[in-house]
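What follows is one structure encoded as structure tokens, with my remarks underneath.
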Amino acid sequence: MSTGATPSSMSVNMVKFLLLAPTFFIFFPSVVSQTIPSSDDSQGKWRLLHANVGISAMHMQLMHDNKVVIFDRTDFGPSNISLPGGRCRIDPSDEALKIDCTAHSILYDIITDTYRPLMVQTDTWCSSGAVLPNGTLVQTGGFHDGDNVTRMYTSCPDDICDWVEYPNYLSRRRWYATNQILPDGRIIIIGGRREFSYEFFPRPSPRRQTFQLRLLVETREGNVENNLYPYVHLLPDGNLFIFANTRSILFDYNQNRVVREFPRIPGGDPRNYPSTGSSVLLPLDENEHSIDPEVLVCGGAPRGAYQQALRGTHVRAISTCGRLRITDQNASWVMETMPIPRVMGDMLLLPTGDVIIINGGQLGTAGWELGRQAATRPVMYHPSNPSDQRFSVMEPSLRPRMYHSAAILLTDGRVLVGGGNPHIYYNFSDVFYPTDLSLETFSPPYLSTQYASIRPVILSVDDTVSPGQRFLLSFSVGEYIAGSVLSVRIVAPSFTTHSYSMNQRMVVLRIDEIIDNETSSSYSLSVVGPSSAEIAPPGYYLLYVVHSGIPSSGVWVRLQ
């Protein structure tokens, strides 16, 4: 870790540099074969990777070198993994440990199943992040001495890279904020505890600047708030969908203008922290005549649940999901009921276009010691199915994942799950849910060996993709069914924390031509890149070929 002075040169010019920075292409075709379970797995399979990686996985981001940046917080005392080489973090303002020789961040390699410590200097508790077009992770804010710090992590081939910190870079304190990558490669940072504004990274000039967002003022419920980590989705028209508490708006961030306000989600119960639900933007399909974006919001806790939990009464979590078609003239929420009530659940887009709802509890809310009855069974949501056939319940985990747990999609289609620490400090005994330092994976049913004959394997693909331009892709498959059940999808990996996966999006690309290479079981595709940066902002994406509902392992491509 190194700490740099606030760089006055970190401006719009930086975006140009980041867009032009050199890239490399990494392809690991054997990942799936190393992890497929051998027994019946019609409801998916869990696998413990490590019982103890030294820290609890509060925040996670998959990088384009197939490594995962994981970090917790620094203000609770020592972790269970030491910094290398006798290094120590010296922080006179830290109230728990002013000299700390343990790590609070790690880098996990999904190919070798190994990890190494990283060093963060200031407190990253309840922070936010997004990946720039060149693949650099920008992490913003946190608590106490870290609340207006920007940190950057850039992957490197020699495994010596670490966090670089820029103190006082942010204009305002960003604790429980949300980040969203924009079509021009900038990041918008929205909200935070008692912060009702947004700002941009990189900032347009050395002068720090913020813009007020009235929605955050109007949706705050006193000290309970219920509008932290607002759900933010970039829409195909370039505007943002922002959801806080029960309200949502279409927002033009360039003009600081509310374009439209949508109806409140039915039921009147809050969906944001600490009544924590989750949200995804459903896949955007370039094959449709017009792209009509839909947002899904699921779970949360009833109004007043936080106050009741503080008094020892843990009420049942919300079991409903709301689905909103943004472009409808009279847009209204369509409500559906999950088979399991859930608060603090993560929602991830899978390569098939389905949504997995995983982690969390069935009673209480987010917050120290406030959740009960762990929801150990993931639920699949199938958005294209008939309305009465959209949910299916998966195999339960043996490990509860409550407050401060996280989940992300991995390259091979597994889901990496970690964390869970509903305590002020690490606490491993005499509590309902001990601090969890483990990492495990959930393999959805599509990874079952019974689908081996129809599982596509990507053989080659252009490593850079341009908006609206054709590129070539070849794949093999043992038993080809039909082009009508074939699709090519790109997925932007998420920055996940506090049950919200920022920046994740899926685009179903248009296939122009399918060529049967008759002498082998391989096929070539002519595929058209996303039509605009509003559909898919520049950066690294995982590309999947999906054949009859079964995805290939992902391959990294860079969208220019």
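Read in order, the letters of the sequence shown are residues -33 to -1, 1 to 527 in mature numbering (1 follows the signal peptide of the UniProt record, and there is no 0). All C-beta atoms in this analysis are idealised placements derived from N, C-alpha and C, irrespective of residue type, glycine included. Being a predicted model, the structure only gives us computed values, none of them experimental.
Going by beta carbon distance, what residues of the same chain come within less than 7 angstroms of P306, once the five residues before and after it are set aside? V346, F358 and V360
Could you tell me which of D7, D32, H31 and F43 sits nearest to N388, measuring between CA atoms? F43
May I ask you to report which of helix, strand or coil DSSP gives G53? helix
Would you list, in sequence order, the uninterrupted beta strand (DSSP E) runs of no fewer than 3 residues that lie entirely inside the segment 201 to 241? 207 to 211, 214 to 219 and 224 to 228
If you drop the 5 nearest sequence neighbours on each side, which residues of the same chain put their C-beta closer than 8 angstroms to that of S488? S443, V444, G445 and Y447
Per DSSP, what kind of secondary structure is H111 in: helix, strand or coil? helix
Measure the alpha-carbon distance for S49 versus T69 and round it to whole angstroms. 4 angstroms
DSSP on T280, reduced to helix/strand/coil? coil
C-alpha distance - V398 paired with L277, whole-angstrom precision: 16 angstroms
CB Y508 to CB V458, shorter than 9 angstroms? yes
Is G450 helix, strand or coil by DSSP? helix
Take R181 and list the residues in its own chain whose beta-carbon comes closer than 8 angstroms to its own, dropping the five residues that flank it on each side. F163 and V225
Does the segment 289 to 309 come within contact of the segment 264 to 274, defined as at least 3 CB pairs closer than 8 angstroms? yes
Per DSSP, what are the beta-bridge partners of A97 in this structure? V105
Just to confirm before moving on: does the CB-CB distance between P250 and M469 stay below 9 angstroms? no
Given Q147, which residues of its chain have a CB within under 8 angstroms of its CB, disregarding the five upstream and five downstream residues? A97, I154, I155, I157, V199, H200, L201, L207, M469 and N470
I believe R40 touches W92 by the beta-carbon criterion, under 8 angstroms. Please report the beta-carbon distance rounded to the nearest angstrom. 4 angstroms
Select from G205, S245, G312 and A268 the residue whose C-alpha is nearest the C-alpha of R260. In the sequence under discussion, the amino acid at residue 260 is Pro, which differs from the Arg named in the question. Nearest option by C-alpha distance: G205.
Please report the straight-line C-alpha distance between V222 and L476, rounded to a whole angstrom. A small correction: the amino acid at residue 222 is Gln; Val does not occupy that position in the sequence shown. Answer to the nearest angstrom: the Cα atoms are 31 angstroms apart.
Count the other CB atoms within 10 Å of the CB of M484; is the residue buried (16 or more) or exposed (fewer)? Sequence check: residue 484 is Asn here, not Met. N484 comes out exposed.
Which residue marks the beginning of the alpha helix (DSSP H) containing L182, and which one marks its end? R181 to E185
C128 to K34 span [Cα, whole Å]: 12 angstroms
On the criterion of 16 or more Cβ atoms from any shown chain inside 10 Å, does M302 qualify as buried, or is it exposed? exposed
Comparing C-alpha positions only, which one of G386, F168, N193 and R339 sits nearest to V116? F168
Can you confirm whether F208, when its beta carbon is compared against all beta carbons of chain B, has any partner nearer than 9 angstroms? In the structure shown, chain B does not exist; there is a single protein chain.
Please say whether V494 and R437 have beta carbons closer to each other than 9 angstroms? yes
How big is the Cα-Cα spacing for R231 and N297? 13 angstroms
Run of the beta strand (DSSP E) containing P84, from where it starts to where it stops: T81 to L85
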